[in-house]
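Student: Before I ask anything, here is the structure I am working with.
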Amino acid sequence: MDFKKIDSQVIFQGHIMDVVVDQIRFENGVEAQREVAVHASAAAVVPVTAEGKIIMVRQYRYAVEEDTLEIPAGLLEPGEDPLEGAKRELEEEIGQKPLHMEHLFRFYSSPGFTTEALDVYLCDSMSPSHQHLDVDEFIEIQEVTPAEAMHMIADGRIVDGKTVAAISYYVARTKEV
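This is the structure in structure tokens:
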């Protein structure tokens with residue numbers, strides 16, 4: 004259905020996102036308000052060791068007040084290519100320099116209210132490097148098999164959306180479903 008934006012106001016400006024409230028009118032004359040979190044895009048990586056284990060990071064997430072187990076990921080710098088951002092995040096978070104990266108898919112984290120898009124990559128060849136954590140970043144590295152990761156999704160130990168999507172895709176792909 005077509006619509007026309009009648010008004011738009013930025014009601015919050017933050018470091019990683021702005022909140023915009025738009026008034027819109029649909030072609031049938033109905034008016035509505037939409038709140039949009041204009042959010043920076045991100046890149047995420049499924050790093051797989053030579054032994055077939057997925058390297059994950061456990062970190063405290065303030066918004067949900069709990070530790071989460073996730074694949075390495077992070078926000079892109081303004082104008083940064085997603086592949087370069089994925090490489091940077093891999094080295095920063097797990098101390099591995101990627102030797103081979105493959106784009107798996109792109110998705111919107113929650114298109115009902117945010118513009119955040121994530122590009123997900125597979126890294127199946129790495130060389131040791133050094134972590135470069137932010138001063139407020141506290142990460143524990145954990146390696147799991149794909150089967151263990153799927154069990155952790157099923158029993159609620161992995162609840163991060165990008166991680167659930169990426170691991171599920173990777174496992175389905177490796178089984179050639």
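Following the working numbering, the residues of the sequence shown are numbered contiguously, the last one being 180. Backbone N, C-alpha and C define an ideal beta-carbon position, used for all residues, glycine too.
Are three or more beta carbon pairs between the segment 7-22 and the segment 96-111 nearer than 8 Å?
Tutor: The answer is no - the segment 96-111 does not touch the segment 7-22, with fewer than three Cβ pairs under 8 Å.
Student: Under three-state DSSP, which class holds V180?
Tutor: Confidence at V180 is low in this model, with a pLDDT of 46, below 50, so its placement is unreliable and no value can be given for it.
Student: Could you check the C-alpha separation between L181 and Y124 for me, to the nearest Å?
Tutor: With the chain represented from 4 up to 180, any question about residue 181 goes unanswered, as that position is not in the structure.
Student: Closest by CA to A40, which one among A53, S130 and S113?
Tutor: Checked all of A53, S130 and S113; the closest Cα to A40 is S113.
Student: Can you look up E34 in the DSSP assignment and give me helix, strand or coil?
Tutor: Of the three classes helix, strand and coil, the one that applies to E34 here is strand, per DSSP.
Student: Taking K8 as part of the beta strand (DSSP E), name the residues at either end of that continuous run.
Tutor: Element bounds for K8: F6 to Q16.
Student: Let me know the beta strand (DSSP E) ranges lying completely inside the segment 114-167, each 3 residues or longer, listed in chain order.
Tutor: Entirely contained in the segment 114-167, the beta strand (DSSP E) runs reaching 3 residues are, in chain order, 120-131 and 142-147.
Student: Smallest Cα separation from D70: which of A89, A175 and G159?
Tutor: Residue G159 is the option with its Cα nearest to D70.
Student: Of all the options A47, Q16 and Q26, which has the alpha carbon lying nearest to the alpha carbon of L107?
Tutor: The option with the nearest alpha carbon to L107 is A47.
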